[in-house]
Amino acid sequence: MNAVALRAGLARGWIEFKQTWTNLDDVVGQVVFVLLFLGTLFFMRNATLPGTSFSLGAATVPGVLGAGVVFQGLTGAAGYLAVDREDGTLLRAKATPNGMLGYLVGKTTALSLAQLTSVVAVLVPCLFAFSALAPDGVWSYLHLLGVLVLGMVATMPIGAALGSLANSARSIGLITLPVMGLGAISGIFYPITALPVWVQDIAQVFPMYWLGLGMRSALLPDGAVVVEIGQSWRPLATLAVLLAWSVLGFALAPVLLRRMARREAGSSVAERRQKAMQRVG
1 MNAVALRAGL ARGWIEFKQT WTNLDDVVGQ VVFVLLFLGT LFFMRNATLP
51 GTSFSLGAAT VPGVLGAGVV FQGLTGAAGY LAVDREDGTL LRAKATPNGM
101 LGYLVGKTTA LSLAQLTSVV AVLVPCLFAF SALAPDGVWS YLHLLGVLVL
151 GMVATMPIGA ALGSLANSAR SIGLITLPVM GLGAISGIFY PITALPVWVQ
201 DIAQVFPMYW LGLGMRSALL PDGAVVVEIG QSWRPLATLA VLLAWSVLGF
251 ALAPVLLRRM ARREAGSSVA ERRQKAMQRV G
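Residue numbers for the sequence shown follow full-length UniProt numbering, so the first one is 1 and each next one is one higher.
Printed below as a string of structure tokens:
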């Protein structure tokens with residue numbers, strides 16, 4: 001990997017991340033996202049997991065964190081690419097020596113930092129609200145960090161691959177809706193074992209369920225495992241599925257991104273801008 005492009009990409013990612021905290025719209029979006037989840041968890045605080053005395057609100061925290069990682073990894077990466085393709089940023093990166101490498105490093109850095117910030121913003125208040133979280137102290141946090149990194153690796157390349165296929169930023173909704181549907185069946189707000197078996201089978205194909213399961217194994221006490229499939233955290237299966245999605249993403253993303261870059265030209269950017277102006281007009 002070119003060291004100059006790597007340093008430039010890391011610097012670019014850090015600058016883009018900082019810019020999100022100087023833009024009012026971005027800050028409001030982050031705050032609203034966190035408050036919505038915290039509000040939902042607050043109203044669930046007095047409910048308990050079926051068959052246990054453990055707080056349903058506390059049990060939901062890891063699933064919420066996992067869903068956020070998947071959502072940002074898929075739609076965030078896809079959205080970045082679609083917008084930058086439409087406004088000509090990708091074309092300028094393509095015209096610069098090692099520009100595409102620096103661009104991808106920068107976007108990965110910015111998105112990773114944004115995901116870490118979101119996790120911390122949700123987790124820290126929940127640690128005060130639910131004393132049962134992270135029962136193993138430092139090990140719980142290290143376990144959580146490992147699952148988080150694996151989750152980002154499993155989702156961001158897939159998001160980049162999907163973004164390279166998008167015709168415009170408006171088509172990202174076609175990615176957002178299925179991801180939200182997965183959230184409904186992946187045991188985020190209620191144990192997945194309460195759902196029909198065939199729905200459980202579908203959810204277990206995708207990374208959202210496994211990322212939530214991995215985070216629950218990191219943050220919840222052993223007693224909470226009774227509501228999981230097979231009453232087990234299934235660490236080996238979690239690792240295998242997330243690694244499989246990582247391999248799939250790293251196999252698809254470079255091929256699709258190279259194809260997208262080859263097709264980028266000044267005429268295609270101008271054509272997209274003209275269509276956008278016609279829609280506005």
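The C-beta atom is built at its ideal place from N, Cα and C for all residues, glycine as well.
- Message: With a threshold of 7 Å on Cβ separation, who are the neighbours of Leu65 within its own chain once the five nearest residues in sequence on each side are excluded?
- Response: Val119, Val122, Leu123, Met215
- Query: Going by DSSP, what residues sit across from Ser164 in a beta bridge?
  - Reply: None; Ser164 has no bridge partner.
- Item | When Gly181, Leu90, Ala58, Leu81 are compared against Val199, the one with the closest alpha-carbon | Gly181
- Item | Own chain partners of Val280 with C-beta closer than 6 Å, once the 5 adjacent residues on each side are dropped | Reliability of the predicted coordinates at Val280 is poor, the pLDDT of 49 falling under 50, and the value obtained from them is presented with this limitation in mind. So the list is empty, once near-sequence residues are dropped.
- Item | Start-to-end residues for the alpha helix (DSSP H) that takes in Ser112 | 99-129
- Message: Looking at Leu111: is its Cβ nearer than 7 Å to the Cβ of Gly76?
- Response: yes
- For Gly249, the nearest candidate out of Thr89, Arg7, Ser53, Val153 (CA to CA): Val153
- Task: Can you tell me which of the three DSSP states Thr176 falls into?
- Result: helix
- Endpoints, the alpha helix (DSSP H) within which Pro50 is located: Element bounds for Pro50: n/a, residue is neither H nor E.
- Using only alpha-carbon positions, find the residue among Pro207, Ala8, Met44, Val247 that is nearest to Tyr103. Ala8
- Measure the alpha-carbon distance for Ala132 versus Leu36 and round it to whole angstroms. 22 Å
- Just tell me which of Tyr190, Met208, Pro157, Pro196 has its CA closest to the CA of Pro178. Met208
- Quick one, are the C-beta atoms of Ile185 and Ala67 less than 7 Å apart? no
- Query: Alpha carbon to alpha carbon, what distance is there between Val138 and Val226?
  - Reply: 24 Å
- Item | Inter-residue Cα distance where the pair is Phe17 and Ala114 | 7 Å
- Message: Looking at the ligand ATP, does it come within less than 6 Å of Ala78, judged from the CB to the closest heavy atom?
- Response: Of the ligands one can find in the structure shown there are none, so the ligand ATP has no counterpart to examine.
- Task: Quick one: using the 10 Å Cβ neighbour count with 16 as the cut-off for buried, is Trp245 buried or exposed?
- Result: buried
- Would you tell me roughly how many angstroms separate the C-alpha atoms of Val34 and Ala58, rounded to the nearest one? 16 Å
- Taking DSSP as the reference, what is the three-state secondary structure of Ser232? coil
- Item | Assigned secondary structure, Ser186 (DSSP; H/G/I helix, E/B strand, else coil) | coil
- Message: Tell me which residue opens and which closes the alpha helix (DSSP H) that Pro196 is part of.
- Response: Where Pro196 is concerned, there is no enclosing alpha helix (DSSP H), given that its DSSP letter is neither H nor E.
- Query: Got a sec? Which residues, its chain only, sit under 7 Å from Ile172 by beta carbon, not counting five neighbours each side?
  - Reply: Thr75, Ala78, Gly79, Ala82, Ala166
- Query: How big is the Cα-Cα spacing for Arg258 and Ala160?
  - Reply: 11 Å
- Distance, Cα to Cα, Arg12 vs Gly51? 50 Å
- Message: Suppose contacts are defined by Cβ-Cβ distances below 7 Å. Is Lys107 in contact with Met100 by that definition?
- Response: no
- Item | Residue environment, Arg234, which counts as buried when at least 16 other CB atoms sit within 10 Å | buried
- Leaving aside the five residues before and after Gly223 along the sequence, list all residues of the same chain whose C-beta is less than 7 Å from its C-beta, in chain order. Thr52, Phe54
- Query: If you check the beta carbons only, do Val147 and Ala240 fall under 7 Å apart?
  - Reply: no
- Near Ile175, which residues of its chain fall below 7 Å by C-beta distance, leaving aside the five closest residues on each side in sequence? Leu74, Thr75, Ala78, Leu162
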